[in-house]
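Using full-length UniProt numbering, you'd call the opening residue of the sequence shown number 1 and step up by one each time.
Everything below concerns the one structure shown next.
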Amino acid sequence: MVLYTSPFPNSFLSVLHSFSWGLIFPCYWLADRLVGSFVPTTYEKRQRADDPCYFHALCIIITTPIYLALLVASLPFALIGFLLWSPLQSARRPYIYSRLKDKNHANGATLLTEWKAAGSGKSFCFGSANVCLLPDSLARFNNIFNTQARAKEIGRRIRNGASRPQIKIYIDSPTNTSISAASFSSLVSPQAGDNRTVNAGIKRTTSMEYKGDNCGSNNGEENREDKGGSGEPHEGEENTCIVRINGEENGHMSDTEADTVNGQAHASGPAEPSLEGDAEVSKTPNHKQKEGDSGSLDSCSASRESLVKVRVGDGTVDQSTVNNKLLYKASIMKKTSVRKKKHTDETFDHEISAFFPANLDFLCLQEVFDKRAAEKLKEQLHHYFEYIVYDVGVYSCHSCCSFKFVNSGLLFASRYPVMDAAYHCYPNGRGMDSLASKGALFLKVQVGSTPQDQRIVGYISCTHLQAIAGDTTVRCEQLDMLQDWLSEFRKSTSSSSTANPEELVAFDVLCGDLNFDNCSSEDKLEQQHSLFTHYKDPCRVGPGEDKPWAIGTLLDPEGLYDEEVCTPDNLQKALESEEGRKGYLVYPTSKNHGSSQKGRKASLKGNGRRIDYMLYTEEGLYLEWKVEVEEFSFITQLAGLTDHLPVAMRLMVSTGEDDP
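Written out as structure tokens, the structure is:
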């Protein structure tokens, strides 16, 4: 199957499309600004709370006639542009496939050589998020604004979280929970230009101090920022650090005890770091690091209490082993005995994390509707993901679908090469959803090869279902179509037979915003759909029942900019408590409850509406292999940027050969 790298089959149609959109855009932009000026967000209201009450009204009175006059003047050009644009959409391709052009930073081919299916297996990490990148005027109805700036910031935060080394901390004491995912404390590494010997200790710092080195950026400005670093890690390497700490029975690590965790941090080459005392640290190779700062969007900065610097301990430090480079971010995958005791039947880790998982392999996004925002997001994601499929969907009148003004909003990013891709549009959308070409994107990726030169592949599907409450029948029909399309895609892209398998299927994952909750009484039909007999939901016990640790993924728009939740750390801490979840998550609607979220805390049950899913199946995979969930995360790194919680899942594909 040919992957489409441009939206049209020839340059003439592309130029004609660009010309027609150039005629439409001024009218579109002015209408967006005009409507947006009448829909302020709570953040903007707070910003101008000290201004005179008449000031905002005066601004609207002045700007509205100007916008209206310019809008009317642009209408004739927009009409001409629309008459050109609409028929061109029949020749438009259903997606655009983008591959990183800078070969110096492309490592997809290198990744394929890492797994030959001859060892103990390999893990793959999947992420999914609804980022609400609508035109600014429409996003404001969800209490979100500044779509273009948010798109760039979302991309930065995702690559910033995914490109950091992975640090796992295992606490031996069943009562010691002082180091956990809640605090995201970490052990230290030398700072740029800091070669002196200091006492090591557990110290919190802001993620604003982090700048990844060896960014591998395509951007000239970012490349100039990176030239000051030295001793950059080799491409294709990964850094996973495992720390084991023997905790005390008192359940806390004092500052004095923390100061005893000293050692020498060797940052150059392949040398492994070591810590003397109660901490054991091991480091394994990982992929290259890329630049990314968590940044901030106005007052909603990235995680403020996320990182811990590890400084050089007492003793002699070889000057050649200390590099003048900036701090790496660290993630802590908590495996405390306390958590295990609460859920002794659980076989994998689960957490609320302030960061996207380290070494994220695949990312599926929904509601990337705005085309300019999609370009900005793609540019940021390309600093980490080599392969991206975006601008997915159809426009205008297409086959049996109604007129579509925007695309599907789906975007897929991968570190591994994409072999095949297909898109299908749901023909039964209703209401406002019928104006978007919501559908499903199916992808086949290559993740390795066997010593016998058999390809190892995986299947990933991303979708976004009907959103309007009460449209249960519509969503069930879409789930039926989704299953049919999945089966059709697997058959059409398979080049193997039972007798002569040319490909070995390692995994089959389905993710996206399904717009129904597994615990809501209004969504019983969707909960009992046959999809869940073929695909497993790690958060689900059965129809109408989730596991105790699963939480909702839909945030209450009214509280997005509250100080308690406007940063990744604060949102993480809020969601770890029942009171915080009741205050800032959307819960299933009930006739017995009022419309106010915060006015009915005491009567709420459960952990909020979970409408973003990560599913996997063992059907159709290579018979001798086994797929298991290693970790599942609810992620708060996009706090203040979207009204959904991203989710992530790490799968372990065991080959059965030399498995521990």
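Don't be surprised by glycine CBs; every beta carbon is placed ideally from N, CA and C.
Using a 10 angstroms sphere on the CB of Tyr426, the tally of other CB atoms reaches 16 or more, which defines it as buried. Pairing Ser353 with Lys404, the inter-Cα distance amounts to about 37 Å. Residue pairing for Asn10: DSSP places it in no beta bridge. In this structure Ala639 is in contact with Leu571, their Cβ atoms being roughly 4 Å apart against a cut-off of 8 Å. Here the C-alpha atom of Val586 lies approximately 47 Å from the C-alpha atom of Glu502. The beta carbon of Phe516 sits closer than 7 Å to the beta carbons of Arg475, Asp523, Glu526, Ile611 from its chain, once the five residues preceding and following it are set aside; these are given in chain order. As the crow flies, the alpha-carbon of Lys438 is around 9 Å from that of Val392. Taking C-beta atoms as the reference points, Ile460 and Gly448 fail to come closer than 7 Å. As DSSP reads the structure, His644 sits in a beta bridge with Leu554. One Cα belongs to Asn359, the other to Trp549, and the distance between them is close to 24 Å. The segment 364-380 makes no contact with the segment 71-83; the number of CB pairs closer than 8 Å stays below 3. Our two residues, Ser577 and Phe632, have alpha carbons roughly 18 Å apart in a direct line.
Around the beta carbon of Tyr54, a 10 Å sphere encloses fewer than 16 other beta carbons of the protein chains shown; the residue is thus reported as exposed.
Going by DSSP, Ile80 is part of the alpha helix (DSSP H) stretching over 53-88. DSSP places Val389 in the uninterrupted beta strand (DSSP E) bounded by 387-390. Of the residues Gln478, Leu71, Ser494, the one whose Cα lies closest to the Cα of Leu30 is Leu71. When the alpha-carbon of Arg93 is set against those of Ser6, Val15, Asp546, the nearest one is in Ser6. Look at Thr113 here: in three-state DSSP terms it is coil, with no helix or strand label. Straight through space, the alpha carbons of Ser137 and Thr41 are spaced by roughly 11 Å. DSSP places His350 inside the beta strand (DSSP E), whose first and last residues are 349-353.
For Leu504, the beta-bridge partners assigned by DSSP are Ile456. Looking at Glu375, Cys125, Pro588, Leu554, the one whose alpha-carbon comes closest to that of Tyr616 is Cys125. In chain order, Val474, Glu477 place their CB closer than 6 Å to the CB of Asn428, counting only its own chain and leaving out the 5 sequence neighbours on each side.
Annotation for Ala422: the continuous beta strand (DSSP E) segment containing it runs 418-425. Taking a 10 Å sphere around the C-beta of Pro357, we find 16 or more other C-beta atoms and assign the residue as buried. Between Tyr390 and Leu363 a beta carbon distance of about 11 Å is seen, past the 8 Å cut, so the two are scored as non-contacting. Taking 7 Å as the cut-off, the beta carbon of Ser654 is found closer than this to the beta carbon of Gly121.
Ala91: not part of any alpha helix (DSSP H); DSSP gives it neither H nor E. Here Ala129 is buried: its Cβ has 16 or more other Cβ atoms, across all protein chains shown, within 10 Å. Using a C-beta cut-off of 8 Å, the segment 137-150 makes contact with the segment 638-652, since at least three inter-stretch Cβ pairs fall below that distance.
Between Asp471 and Glu367, the alpha-carbon positions lie close to 19 Å from each other. In the structure shown, Cys27 adopts helical secondary structure according to DSSP, grouped into three states. Taken through DSSP and simplified to helix, strand or coil, Ile158 comes out as helix.
Here DSSP, grouped into helix, strand and coil, assigns Tyr384 to coil. Contact check for Thr463 and Ala440: beta-carbon distance about 4 Å, within the 8 Å limit, so the pair qualifies.
Residue nearest to Val39 within the set Phe12, His56, Arg157 is His56 (criterion: CA-CA distance).
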